[in-house]
Amino acid sequence: MLKIIIPTIMLLPMALLSPPKFLWTNTTAHSLLIASLSLQWLTPTYHPYKNLTQWTGIDQISSPLLTLSCWLLPLMIMASQNHLQHEPIARKRIFIMTLITIQPFIVLAFSTTELMLFYISFEATLIPTLILITRWGNQPERLSAGIYLLFYTLISSLPLLVAILHLHTQTGTLHLMILKLTHPALTTSWTNLLSSLALLTAFMVKAPLYGLHLWLPKAHVEAPIAGSMLLAALLLKLGGYGIMRLTMLMTPISNNLHYPFLTLALWGALMTSSICLRQTDLKSLIAYSSVSHMGLVIAASMIQTHWSFSGAMILMISHGLTSSMLFCLANTNYERTHSRILLLTRGLQPLLPLMATWWLLANLTNMALPPTTNLMAELTIMIALFNWSAFTIILTGVATLLTASYTLFMLLMTQRGVLPTHITSVQNSSTREHLLMTLHIIPLLLLILKPELISGIPL
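Residue numbering for the sequence shown follows numbering that gives the first Met the number 0, beginning at 0 and increasing consecutively.
Shown next, in the form of structure tokens:
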């Protein structure tokens, strides 16, 4: 565990002390080394916990998410190079340090076996994200987006702290392995209902449940590209991971808690997909699409069967890579046309034909085409939900249809159509951008060959 966390922390002095010429090279190379080291966590094992220290341990649920979070740090550094090239060197260093600071907190949050440490690292990821959005965002509206993010997260996570402390007074420990051994008190008292509601609400806001999702499009639209990738690929997964971790611990939840969350998640998947169809803003469209995907994850982890858990796990990983790639593509468009409005950036296929290939690949994975893990995950979740209640097939089916339609709408709007007259010269796509897209899509295509790495099966 420490052999990943300590090199990640040592990236900070590296970002501070590297000569200006080698700043990007050093940090990217070092973080890529850390990412390749973190692949060892994926080795399948029969033990319930790997790399066990006193406070951290790696489970089948957390190992794919940990590898994903280590994998995305070099990609975020690579994606941010272009829009920081005119900044003074001190600001570049501070930006890279902000990105690096989030990393140990995320690694701790995913690997901790102690609920209090989990809560602390879960909240600590908020501060660097807030700095990224409110300092390096593009428009002046970034301040209101930061305030939305801050208050949504804080208001929802105070009940979580109270519920964790209540759990501690009840059982006398917060260690996950000991909590699994305690007998669930099979009472349907108001106390239990409220404490499990408080435990769930914080993660529902983080993984945005429809109705609590209003901070997400704002934050995504205003964030710089690294902030968007971080939010979409990792911070939303914190919510889904928290739900999967804590629903297994809680006493069997009463149906009164199940139904509202399930209906909101599935109805929200349908609603946000239809909102996507009438978006004018490219980044906002991708943000709403990630709300609808995470709705499926929430619905799956609420019914708590093995199938639905593994489906939710695979969907979280594949959505992390797909939406991160879509945000990178949107950013390449934005850097060339300085606009996120779909009407003003259409018809780019004849100008950037290779980028059009990446757009096509990313959109096909987003709408869950067969040889991708997205399809496997969505099918698993839909079958598990259908087995739980046959009525859900209507909602999930319509949501799938709408997902395909808004994805094709996005592809056609950005790549096809008449080139707007104000685009006179567009700079070529660089090798760095192609490498970035390749590093996003290669894990997605390789994971379908061995999906049990990310399915979290031996729960």
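Ideal Cβ positions, reconstructed from N, Cα and C, are used throughout, including at glycine.
Nearest residue (CA-CA) to residue i, options the options
i    : options                : result
S272 : N365, H167, Q84        : N365
T26  : L41, H292, M9, W40     : M9
M176 : T97, L159, A206, L114  : L114
C327 : W358, L98, L248, N137  : W358
R141 : S227, S68, S155        : S227
T262 : L245, D280, K282, I302 : I302
L230 : P369, I285, W54, A355  : I285
A298 : L320, Y287, A268       : A268
L160 : T124, T200, I126, G145 : T200
E86  : R134, I119, S194       : R134
S368 : L384, L407, N386       : Checking the displayed sequence, the identity of residue 368 turns out to be Leu instead of Ser. The candidate whose alpha carbon is nearest that of L368 is L407.
L410 : M75, L325, L215, I163  : L325
I154 : R345, L125, L107       : L125
M412 : F109, S120, I5, C275   : C275
L173 : I224, T100, A383, L116 : L116
I441 : P19, T321, A162        : T321
N191 : T111, V296, M249       : M249
L157 : S194, W23, L401, F390  : S194
G136 : L237, I4, A222         : A222
Inter-residue Cα distance where the pair is residue i and residue j
i    : j    : result
S429 : Q84  : 14 Å
Y258 : F308 : 18 Å
P73  : V220 : 22 Å
K2   : T331 : 34 Å
G210 : L265 : 12 Å
A355 : T371 : 19 Å
I313 : I340 : 32 Å
K205 : R431 : 31 Å
Q39  : L166 : 34 Å
Y405 : G171 : 50 Å
K217 : A144 : 5 Å
S17  : I88  : 11 Å
I146 : H46  : 43 Å
L36  : W54  : 21 Å
A329 : K282 : 7 Å
S151 : H337 : Here the sequence assigns Tyr to residue 151, which means Ser is not the residue at that position. One C-alpha to the other measures close to 30 Å.
T344 : L434 : 23 Å
I254 : M243 : Checking the sequence shown, residue 254 turns out to be Asn, not Ile. In a straight line, the C-alpha of N254 is about 17 Å away from that of M243.
L109 : S388 : Correcting the residue identity first, residue 109 is Phe in this sequence and not Leu. Taking the straight line from one Cα to the other gives about 31 Å.
T52  : L107 : 12 Å
D280 : Y287 : 11 Å
A78  : Y48  : 34 Å
L443 : M315 : 12 Å
L384 : C69  : 32 Å
T168 : P139 : 45 Å
I119 : T111 : 11 Å
Three-state class that DSSP yields for residue i in the structure shown
i    : result
H85  : coil
H174 : strand
I422 : coil
I76  : helix
E451 : helix
T55  : strand
I93  : helix
E113 : strand
I313 : helix
I456 : coil
I60  : coil
CB contact flag (residue i, residue j, <7 Å)
i    : j    : result
V425 : R335 : yes
P450 : M381 : no
L233 : I393 : no
L180 : L149 : no
P103 : T7   : yes
A28  : R92  : no
M96  : L31  : no
T379 : G310 : yes
L67  : G319 : yes
S317 : N362 : no
N50  : I57  : yes
P63  : I453 : yes
A162 : L198 : yes
V417 : G346 : yes
M293 : L213 : no
L215 : P207 : yes
Residue-level contact to chain C via CB, residue i, 7 Å cutoff
i   : result
A78 : Absent from the structure is chain C; it holds one protein chain and no more.
Enumerate, from N- to C-terminal direction, the unbroken beta strand (DSSP E) stretches of 3 or more residues contained entirely within the stretch 215 to 289. The stretch 215 to 289 contains no whole beta strand (DSSP E) run of 3 or more residues.
Suppose only complete runs of 4+ residues qualify. What are the alpha helix (DSSP H) ranges in the stretch 370 to 401, listed by chain order? 372 to 387, all fully within the stretch 370 to 401.
Ignoring anything shorter than 4 residues or poking outside the stretch 8 to 53, list the alpha helix (DSSP H) runs there in chain order. Counting only runs of 4 or more residues that sit fully inside the stretch 8 to 53, the alpha helix (DSSP H) segments are 22 to 37, in chain order.
Complete beta strand (DSSP E) runs within the stretch 294 to 373 (minimum length 3 residues, chain order): Counting whole runs of 3 or more residues, the stretch 294 to 373 contains no beta strand (DSSP E) stretch at all.
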